[in-house]
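So my numbering is basically just the index in the sequence shown, starting at one, shifted up by 239.
C-beta: ideal position from N, C-alpha, C; glycine also.
Report on the following structure.
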Amino acid sequence: MSISDRSILILGCFDTKGDVFSYLRECIAAQGETVITVNTGVFGTTSAFPVDFEAAAVAAAAGYDITGLRRDRDRGKAIDIMGRGASRLVSQLYHEGKIKAVVGMGGGGGTYIALSAMQGIPFGVPKVCLTTLATKDLSRQIGDKDITLIPSVVDVAGMNHILRQLVAQAAAAVCAMANIDTADHPAKARSIAISMFGNTTACVDKCTELLTLAGYEVLAFHATGVGGKTMESLIREGCFDAVLDITTTELADDLCGGICSAGPERLTAAAEMGIPQVVVPGCMDMVNFAHPDTIPHAFAGRHLYSWAPDVTLMRTDERENAILGERLARKVSRSPVPAAVVLPLKGISQVASEGGIFHNPAADEALFAAIRAHVSGNVSVTEADTHINDPAFAHLLVKTLLGLMQKKQQ
240 MSISDRSILI
250 LGCFDTKGDV
260 FSYLRECIAA
270 QGETVITVNT
280 GVFGTTSAFP
290 VDFEAAAVAA
300 AAGYDITGLR
310 RDRDRGKAID
320 IMGRGASRLV
330 SQLYHEGKIK
340 AVVGMGGGGG
350 TYIALSAMQG
360 IPFGVPKVCL
370 TTLATKDLSR
380 QIGDKDITLI
390 PSVVDVAGMN
400 HILRQLVAQA
410 AAAVCAMANI
420 DTADHPAKAR
430 SIAISMFGNT
440 TACVDKCTEL
450 LTLAGYEVLA
460 FHATGVGGKT
470 MESLIREGCF
480 DAVLDITTTE
490 LADDLCGGIC
500 SAGPERLTAA
510 AEMGIPQVVV
520 PGCMDMVNFA
530 HPDTIPHAFA
540 GRHLYSWAPD
550 VTLMRTDERE
560 NAILGERLAR
570 KVSRSPVPAA
580 VVLPLKGISQ
590 VASEGGIFHN
600 PAADEALFAA
610 IRAHVSGNVS
620 VTEADTHIND
630 PAFAHLLVKT
640 LLGLMQKKQQ
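Here it is in structure tokens:
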């Protein structure tokens with residue numbers, strides 16, 4: 240089915256914001272687009288335009304009856320249920336080939352439902368939300384999805400000249416985005432995901448150079464939590480042929496409550512998808528916090544380093560590194576195909592080289608020993624007498640990865 244045969248889905252609380260959504264629908268239709276409308280408003284609907292899926296269908300998709308939600312009058316519960324139902328309904332419509340983009344609008348509750356609904360469709364399908372919360376931290380609600388937020392400036396509550404202009408612009412944006420044919424931008428057949436941090440940039444840059452010369456497209460993900468989650472999500476969507484996971488520091492943040500945690504699912508997707516992976520315990524010598532006064536009291540007296548005014552690094556200790564090594568090893572060992580862990584014995588970050596602020600051979604050895612002790616199955620461990628940012632280490636990583644990829648093709 241071509242793009243022209245699919246519709247733009249409009250999603251929101253039509254019970255309280257019907258006039259605003261009516262104008263959005265008019266603007267999209269004026270662009271020659273067909274529209275599917277989904278009402279997530281619990282207490283009613285609108286007569287201003289046809290509604291394809293009423294709130295009852297959304298609630299039912301989450302396994303609930305709309306009359307019960309109306310009777311309970313529990314706003315938090317209703318928003319959660321309508322978000323889950325909308326996500327399932329939108330995902331179903333996408334996989335049936337009926338939609339090419341999604342646009343939503345709202346305040347607090349409407350935004351939460353709209354962003355939840357957009358979790359059900361993959362990368363590349365336009366997702367636009369006009370919201371009062373655009374300047375708020377919505378990273379948790381957005382997750383790893385490519386969602387475009389547009390500030391509503393005023394509340395999405397009754398038409399006025401400011402909101403009219405922004406709604407028209409949102410409609411124009413989603414229509415233009417929806418008609419970019421991905422066939423004109425095909426995914427490169429030979430793609431490799433790579434993880435990076437400022438502390439591993441030299442290694443990543445050299446690996447990228449070598450892999451590009453070998454004919455591969457390399458996509459780098461900043462290991463800030465969201466970066467790791469996004470990489471894992473795209474691996475699961477089948478976007479990559481292999482993974483060069485140089486910077487696994489997000490595991491340290493997950494263990495110690497740092498600000499760059501990617502959650503417990505980090506370092507699991509490549510094994511699940513059965514694609515080759517080479518893993519390095521890069522930057523596992525550090526946990527990331529924000530300003531110094533944000534560091535939990537439990538870490539008072541620990542070895543700290545100010546990477547930037549708003550980034551404070553805490554050196555991991557031997558106990559933490561033993562745990563991290565085991566976690567890394569067990570995750571990689573789930574791989575059904577050959578995988579490799581490569582250890583740079585002279586330092587796992589820019590600041591951990593000899594003489595560096597985080598140089599601590601005993602702590603590094605606790606990490607390495609745990610990895611050696613707990614790898615199993617299809618995983619090999621290679622030790623290199625180099626620093627992580629030495630060019631020789633990058634050459635070793637690329638050689639190892641290409642060898643695994645070749646082996647998988649045999």
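Across the set T555, T621, D254 and G437, the C-alpha of T555 shows the shortest separation from the C-alpha of A602. When only Cα atoms are considered, S355 and A411 end up about 23 Å apart.
Using a C-beta cut-off of 8 Å, the segment 610 to 618 makes no contact with the segment 538 to 549, since fewer than three inter-stretch Cβ pairs fall below that distance. Taking a 10 Å sphere around the C-beta of R558, we find fewer than 16 other C-beta atoms and assign the residue as exposed. Looking at the DSSP output, K366 bridges to V341 and I386. It is roughly 13 Å from the alpha-carbon of S588 to the alpha-carbon of A491. For the alpha helix (DSSP H) assignment, the uninterrupted runs of no fewer than 4 residues enclosed by the segment 438 to 463 are, from N- to C-terminal side, 440 to 452. Under the DSSP assignment, T486 falls outside any alpha helix (DSSP H), being part of the beta strand (DSSP E) whose first and last residues are A481 to T486. Contact between T439 and I627 is confirmed by a C-beta separation of about 6 Å, below the 8 Å threshold. The shortest C-alpha to C-alpha distance from F632 to any of L567, A568, L506 and I485 is the one to I485.
Here R245 is buried, its C-beta having at least 16 other C-beta atoms within 10 Å. Two segments are said to touch when three or more pairs of C-beta atoms, one from each, lie closer than 8 Å; by this definition the segment 613 to 623 does not touch the segment 429 to 436. DSSP places Q380 in the uninterrupted alpha helix (DSSP H) bounded by S378 to I381.
Judged by DSSP secondary structure, L582 falls outside any alpha helix (DSSP H) and instead within the beta strand (DSSP E) spanning A578 to P583. Note: I247 is bridge-paired with V274 and A340 in the DSSP secondary-structure output. Remark: fewer than three beta-carbon pairs, one from each stretch, lie closer than 8 Å, so the segment 414 to 421 and the segment 391 to 398 are not flagged as touching. Cβ neighbours of A441 within its own chain (closer than 6 Å, five residues either side excluded): N628. R558 carries a helical assignment under DSSP once its states are collapsed to helix, strand and coil.
Distance from V341 to A317 at the Cβ level is roughly 21 Å; contact not present, criterion being Cβ atoms closer than 8 Å. Following the DSSP letters along the chain, one finds E511 in no beta strand (DSSP E) but inside the alpha helix (DSSP H) bounded by residues A508 to M512. Excluding the 5 residues flanking it on each side, L584 has same chain C-beta neighbours closer than 8 Å at D603, F607, E622, A623, D624 and T625, in chain order. L643 and R569 have their alpha carbons spaced roughly 19 Å apart. Here K366 is not near I247, since their CB atoms are 8 Å or more apart. By the Cβ test, the segment 283 to 291 is in contact with the segment 249 to 258, since at least three Cβ pairs between them sit closer than 8 Å.
Here V576 really is in contact with G513; their C-beta atoms are around 5 Å apart, less than 8 Å. Annotation for V290: no alpha helix (DSSP H) segment contains it, and DSSP assigns it neither H nor E. Rounded to whole angstroms, the gap between the alpha carbons of E272 and F597 is 57 Å. DSSP, read as helix, strand or coil, puts S326 in helix. For Q516, the enclosing beta strand (DSSP E) covers residues Q516 to G521. CA-CA distance, G497 to S243, rounds to 46 Å.
Annotated three-state conformation of V571 is helix, per DSSP. Closest by C-alpha distance to A294, out of E265, I352 and A268, is I352. According to the DSSP assignment, Y262 belongs to the alpha helix (DSSP H) that extends over F253 to A269. The beta-carbon distance between I275 and Y303, rounded to whole angstroms, is 22 Å. This is too long to meet the 8 Å contact definition.
Judged by their CB atoms, A409 and L369 are nearer to each other than the 8 Å cut-off. Taking C-beta atoms as the reference points, T469 and F460 count as a pair closer than 8 Å.
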